[in-house]
Each structure stands twice: as C-alpha cells, then as structure tokens.
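Numbering (this note's numbering), first residue to last: 69 to 208.
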C-alpha cells in the first residue's frame, strides 16, 4: 500500500491564532472573488488555483502556512498539492471565507457575496452540526 499523508485542517478561530503568531495565509480564490471580498490580515498572498502549479514556489517552505478560499474545497486541494511537493508546515482552513465572515473576522469588501444565504454563526455550522464535536475542539 502506498504511503499517504493526511492533510491537516484548522477552523477559522484557530486560523486567527495562527495569524497572530505570524502564519502566512495563501488565498487560492480567483482574482474577481478577491476583488469583491478579501481577508484583512497582515501576512497574505494571493495565488489563484488556476495559476497554482506555476506559482506554488512563491510559498515559503519554512513558514507556517494556512491555505484559504471561499468554502475550503479549493484550498484543501492546494494543501494536498503542497504536501506532495515537500511542504510540511501547511494546513487548510475549513469552511473558508464563508465561515470567516460569519465569525466577523477582518475582511475588506462586501460580505454579502458570501453571507447571502449562510446560516449559523458557530465555528462549525448550525447547532445540529456542532452537537457531535466542534472543529475548534482539536487544535493542531
């Protein structure tokens, strides 16, 4: 059987802690999405997923990196790619910009684009989905 490395994920609340401690956010959303609404954090770079294979080397291997997007799916793919290219300090932020904005974390732009029909403001969704275990219960 082939060795597989699991992708590590953290919630937006934990991401906030990582940012305070100097982690780099890498936003893989497309340029038009970032122009509409962006993360307002000090250490962030934008590499659209459509350009990721050509530009991933812009991401330092020696720094803690949190990959982000709108809902967590594209950034999860990017983390898998990076792990397969020797990055070991990279994690995915679950639920992306949608949950980031729901939590009221710093943004630039119009949050209506991601909050339109979003419900629940807990870290991991509505009360029904958080009954089992919160994504913030386990930290990496």
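For every residue, glycine included, the Cβ atom is placed at its ideal position computed from N, Cα and C.
Taking DSSP's pairing of strands, which residues face residue i in a bridge?
i	result
residue 114	95
residue 172	BP columns for residue 172 are empty, so no partner.
residue 184	None; residue 184 has no bridge partner.
residue 161	78
residue 44	Since the first residue of the chain shown is 69 and the last is 208, residue 44 is not available in this structure.
Buried or exposed for residue i, going by 16 or more other Cβ atoms inside 10 Å?
i	result
residue 232	Only positions 69 to 208 of the chain appear in the structure, and residue 232 is not among them; the question remains open.
residue 182	buried
residue 187	At residue 187, the pLDDT of 46 sits below 50, so the modelled position is not reliable; the number obtained from the coordinates is stated separately. When all chains shown are included, residue 187 counts as exposed.
residue 131	exposed
residue 100	exposed
residue 77	buried
residue 82	buried
residue 97	buried
residue 94	buried
residue 113	exposed
Just reading off the beta strand (DSSP E) that residue i is part of, what are its end residues?
i	result
residue 134	133-136
residue 105	105-107
residue 75	It is not in any beta strand (DSSP E) - residue 75 carries neither H nor E in the DSSP assignment.
Going by DSSP, what residue range makes up the alpha helix (DSSP H) through residue i?
i	result
residue 150	141-151
residue 87	80-88
residue 126	Segment: none, residue 126 is in no alpha helix (DSSP H) and carries neither H nor E.
Which one of the options has the shortest CA to CA distance from residue i?
i	options	result
residue 161	154, 142, 174	142
residue 175	89, 84, 149, 109	109
residue 139	121, 149, 166	166
residue 133	122, 163, 184, 151	151
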